[in-house]
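Student:
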Amino acid sequence: SQTIHQWPATLVQPVGSPLSLECTVEGTSNPNLYWYRQAAGRGLQLLFYSVGIGQISSEVPQNLSASRPQDRQFILSSKKLLLSDSGFYLCAWSIRTSGISGANVLTFGAGSRLTVL
Amino acid sequence: QKEVEQNSGPLSVPEGAIASLNCTYSDRGSQSFFWYRQYSGKSPELIMFIYSNGDKEDGRFTAQLNKASQYVSLLIRDSQPSDSATYLCAVNDYKLSFGAGTTVTVRA
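Residue numbers (this note's numbering), protein chains in the order written: chain V, 1 to 117; chain D, 118 to 225.
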């Protein structure tokens, strides 16, 4: 069965510090990978998605970046955090399918809660 | 206009009642629609998806889709306290766009 791991679970960082969140998926190959952010009381905002190694699409301009160095590894980074970067960060994966049935069913990791002070 | 809009809630229903959640979307080309449940402090988990007009039932949950009206809903029958959570509607074009969610509280 497929599992998705995300870490760290919580972190508190000062403004201007760097960030690295990591996500790995097990039990599947060639997944689509996603980073979402959920601000307090808000919906999910898609930040990045990737359909393969080194292929990153950015949805929202910001001071965050993403990388996919391996097929099942997805990393979210920042060189200098802002207060507005606080939130609940969720990594997710989906299988790639040519058909519509079940298309883009996302499975989420447990999330990383970031507080920037 | 937001891509996906949900009734803002919160929605409070007595135990055993039907909870009705609504969602509208702006992109007529959207083809698949999802309902996720998110408990407080946890990540979302899939309840069900639907891509054909009409109803789809899974246990106590029924999703209803009307593409002409660009409307998708979720009914929770025989609501239980364990159904208390935020319900997220998601719509697929080339990516999943999520609504802000509706928080449901089931009163014992």
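Idealized CB from N, CA, C, for every residue including glycine.
Does the beta carbon of Thr28/V come closer than 9 Å to any beta carbon on chain D?
Tutor: The residue given as residue 28/V occupies position 28 in the first sequence. For Thr28/V, the answer is no, since every Cβ of chain D falls outside 9 Å of its Cβ.
Student: Take every Cβ of the segment 57-64 of chain V, pair it with every Cβ of the segment 121-131 of chain D, and state whether three or more of those distances are shorter than 8 Å.
Tutor: In short, these stretches do not touch, since the Cβ pair count stays below three.
Student: Going by C-alpha to C-alpha distance, which of Leu64/V, Tyr89/V, Leu21/V sits closest to Ser78/V?
Tutor: Here residue 78/V is taken as the residue at index 78 of the first sequence, counted from 1. Among Leu64/V, Tyr89/V, Leu21/V, the Cα nearest to that of Ser78/V is on Leu64/V.
Student: Buried or exposed, going by whether 16 or more other CB atoms sit within 10 Å of the CB of Ala66/V?
Tutor: Position 66 of the first sequence, counted from the start, is the residue given in the question as residue 66/V. Buried is the call here.
Student: Mind checking whether Leu114/V and Phe74/V have CB atoms under 9 Å apart?
Tutor: The residue labelled residue 114/V in the question sits at position 114 within the first sequence. The residue labelled residue 74/V in the question sits at position 74 within the first sequence. Not in contact: Leu114/V and Phe74/V (Cβ atoms no closer than 9 Å).
Student: Under 9 Å, CB to CB, which of the residues in the segment 141-172 of chain D have a partner in chain V?
Tutor: Residues passing the 9 Å Cβ filter: Gln148, Ser149, Phe151, Tyr153, Gln155, Gly158, Lys159, Ser160, Pro161, Glu162, Leu163, Phe166, Tyr168.
Student: Leaving out five residues before and five after Val105/V in sequence, what residues of the same chain have Cβ atoms less than 8 Å from its Cβ?
Tutor: For the purposes of this step, residue 105/V is taken as the residue at position 105 of the first sequence. So the qualifying residues of the chain are Ser94, Ile95.
Student: If we cut at 9 Å on Cβ distances, does Val105/V have a partner in chain D?
Tutor: Here the question's residue 105/V lines up with position 105 in the first sequence. Taking Cβ atoms only, chain D reaches closer than 9 Å to Val105/V, which makes this a yes.
Student: Are Gln181/D and Ser190/D touching if we call contact CB-CB under 9 Å?
Tutor: Within the second sequence, residue 181/D is the residue found at index 64, counting from 1. Within the second sequence, residue 190/D is the residue found at index 73, counting from 1. Going by C-beta atoms, Gln181/D is nearer than 9 Å to Ser190/D.
Student: Is the shortest distance between the beta-carbon of Phe215/D and the beta-carbons of chain V less than 9 Å?
Tutor: Translated into positions along the second sequence, residue 215/D becomes position 98. Yes, its Cβ sits closer than 9 Å to a Cβ of chain V.
Student: Which residues in chain V sit within 9 Å of Lys252/D, going by Cβ to Cβ distance?
Tutor: No answer is possible for residue 252/D: the residues shown for chain D start at 118 and end at 225.
Student: Touching or not, the segment 131-147 of chain D and the segment 207-219 of chain D, by the rule of three or more beta carbon pairs under 8 Å?
Tutor: Segments in contact, yes.
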